[in-house]
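Chains as they are written, first to last, in my numbering: chain A, 1 to 306; chain B, 307 to 612. The structure appears below as structure tokens.
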């Protein structure tokens, strides 16, 4: 069933110890949708400028991403530029040009409003809430956020996530939202804020899934032979996770989800995040096949069973 | 079957965000032996001064640790003092008094020489090699080391680990030994240096087991409700790992070990490391039972299966 993805479609300039690209397709909605496209047919609500490249549009269409909700306005696309440290565990932002993204006011096309699944990429919380209000047949909604909104838009953020089923964030964001350094305690606090499921992304160390009142699941990270570029890996995790959930519609009955399906969704999230790191930007998804995705899922089973 | 443990028996002064102790039993051999004692009967080769407390000796004996190889000399025990950061992911050493440990020249008692299993705690590599040469019926040997020996005693260290089956180290040490930041590549390089199995401890993130030519196993960390004091957790991992291996003698035929047993040994290592963090120093092992150990092992199965 269809998954609506909201967020940025952007260009990135990226430098890692393996090389440098001046301008490559990026943005949270791009990564989430491309990753989810291996499981379901995603729809995008985002905004681009008139410099949005036809080749990139063709790439998204080749992955059957529905672009009816991609608004085109005069100006330039959101641009981000950054450089990674030698071990790639940290990065420095060199430039952020919001451009057309500064005025982004997501409008959900009529044909999208009945999408049962909604994944809200990291944008201003009030805009995330606006999107959710435009939906008419939502079954499951999840979203991401970042330190900027947690620190400076705390009340707005809390009012927004109160209506989410899933919160997908990284470990430092979880600690910041909850004011708790222990992740179990942080997840408990976040459950009280609304989300029944909290997924904490830990980069190379994998992810944690907390299910309110039902315990937790620990997913390891995949050991890559080489991390080429980690940009977008967290969003690809979200895309794999939500895409797999949406593909298993029969297991989603309102807000009750089969715990075994959820655990597999977390592993598919890790799988997609790991593929993302193998090339610059979203390049890996140009050649990736569903068979490769499933083979890596099975690899996860082999290297974790005991 | 018996496991011989070589390393320090010491006193520590520890400060964590949860409190402070001025002087508590510590040292690698102490933690390894106490942890291993839940699976097998460990023997210790170490040195203490005349300030070694009768209560601490009684504690080790209560866990059936064989102290025949505990040498007593005039002077004071090794003393270490440190303070942990707020998140406990780093610590600062305030004081290191080697005391009687400065002249430690491990002598293996006649009755210990036929021990089939040997775990060499972090001491000077040439001393580790001396111990190994004194053994007459070794089946399996593993050891630990640290940045100081890797940087300043590199040749001596490499000549020593060439004869080890297992190397148990943390991630930064693995990178330092191998000159590789990628952990898969680092393990590959370490296999070339001798050890057929490389176990990389990652603190709260669990551990990795690399088996030369046979792939790897990823063990997650246990999510504690509260990390009280991480001192000794890595050594407790080693003790749980090696203690469990030694208890499964039938699965150890020379250098061929059942891979399923090895994976379970890694999980038991994680289990023991997690218990260690629940109290100051080795205090948790005063009340811990084997039933609690096995219950936590089963918990690992529940929160990792998918």
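For each residue, glycine too, the CB sits at the ideal point set by N, CA and C. All values reported here derive from a predicted model rather than from experimental measurement.
Inset, instruction - Less than 8 Å between the CB atoms is what I'm expecting for residue 193(A) and residue 158(A), so what's the real figure, rounded? - result: 6 Å
Legend entry - Status (buried if at least 16 other CB within 10 Å, exposed otherwise) for residue 201(A): buried
Legend entry - Rounded C-alpha distance that separates residue 165(A) from residue 492(B): 41 Å
Legend entry - Check whether residue 389(B) and residue 182(A) have beta carbons under 9 Å apart: no
Legend entry - Nearest candidate by alpha-carbon position, reference residue 545(B), set 427(B), 520(B), 526(B) and 362(B): 427(B)
Inset, instruction - Look at the alpha carbon of residue 112(A) and the alpha carbon of residue 481(B), and state the distance between them as a whole number of angstroms. - result: 49 Å
Inset, instruction - Let me know if residue 434(B) comes out buried or exposed under the rule of 16 or more other beta-carbons within 10 Å of its beta-carbon. - result: buried
Legend entry - Check whether residue 173(A) and residue 126(A) have beta carbons under 9 Å apart: no
Inset, instruction - Return the chain-ordered ranges of every alpha helix (DSSP H) run that is complete within the region 75-150 of chain A and spans a minimum of 4 residues. - result: 125-134
Inset, instruction - Taking only the alpha-carbon atoms, compute the straight-line gap between residue 25(A) and residue 265(A) and give it to the nearest angstrom. - result: 26 Å
Legend entry - Interfacial residues, the region 205-229 of chain A to chain B, with Cβ spacing under 8 Å: 205, 206, 208, 215, 216, 217, 218, 219, 220, 221, 223, 224, 225, 226 and 227
Legend entry - For residue 268(A), three-class secondary structure by DSSP: helix
Inset, instruction - Take every Cβ of the region 508-525 of chain B, pair it with every Cβ of the region 589-599 of chain B, and state whether three or more of those distances are shorter than 8 Å. - result: no
Legend entry - Contacts of residue 263(A) in chain B (Cβ-Cβ under 7 Å): 612
Inset, instruction - Using a Cβ-Cβ cut-off of less than 8 Å, list which residues of the region 176-189 of chain A approach chain B; keep chain order. - result: 181, 182, 183, 184 and 185
Legend entry - Under 9 Å from the C-beta of residue 573(B): neighbouring residues of chain A: 306
Inset, instruction - Please specify which runs of the beta strand (DSSP E), each continuous and at least 3 residues long, are wholly inside the region 499-581 of chain B, giving them in chain order. - result: 503-507, 513-517 and 522-525
Legend entry - Cα-Cα separation between residue 328(A) and residue 5(A), rounded to whole angstroms: Residue 328(A) cannot be examined here, being either before or after the span of chain A that is shown, 1 to 306.
Inset, instruction - Between the Cα of residue 598(B) and those of 582(B), 610(B) and 612(B), spot the shortest distance and give me the residue it belongs to. - result: 582(B)
Inset, instruction - Along the beta strand (DSSP E) that carries residue 48(A), what are the first and last residues, could you check? - result: 42-48
Inset, instruction - Compute the distance between the beta-carbons of residue 540(B) and residue 501(B), then report whether it is under 9 Å. - result: no
Inset, instruction - Give the range of the alpha helix (DSSP H) segment to which residue 366(B) is assigned. - result: 360-368
Legend entry - Closer than 9 Å to chain B by CB, residue 258(A): no
Legend entry - Min CB distance residue 279(A) to chain B below 9 Å: no
Legend entry - Backbone secondary structure at residue 6(A) - three-state DSSP: strand
Legend entry - Residue closest to residue 145(A), alpha-carbon to alpha-carbon, out of 198(A), 60(A) and 133(A): 198(A)
Inset, instruction - Could you tell me which residues DSSP puts in a beta bridge with residue 327(B)? - result: 320(B)
Inset, instruction - Following the continuous alpha helix (DSSP H) through residue 66(A), name the residue where it begins and the one where it ends. - result: Element bounds for residue 66(A): not the alpha helix (DSSP H) but the beta strand (DSSP E), 66-72.
Legend entry - Proximity test, Cβ basis, 9 Å: residue 202(A) and chain B: yes
Inset, instruction - Return the residues of the region 79-99 of chain A that lie within a Cβ-Cβ distance of less than 7 Å from chain B, sorted by chain order. - result: 87
Inset, instruction - Would you mind reading off the limits of the beta strand (DSSP E) that contains residue 463(B)? - result: Unbroken run through residue 463(B) is the alpha helix (DSSP H), 460-467; no beta strand (DSSP E).
Legend entry - From 522(B), 584(B) and 469(B), residue whose alpha carbon lies closest to that of residue 537(B): 584(B)
Legend entry - Within 9 Å, strictly: CB atoms of residue 123(A) and residue 28(A): yes
Inset, instruction - Consider the Cβ of residue 301(A): report whether some Cβ of chain B lies at a distance smaller than 9 Å. - result: yes
Legend entry - Nearest neighbour of residue 47(A), chosen from 92(A), 260(A) and 8(A) [CA to CA]: 8(A)
Inset, instruction - Sort out for me which residues DSSP pairs residue 332(B) with in a bridge. - result: 316(B)
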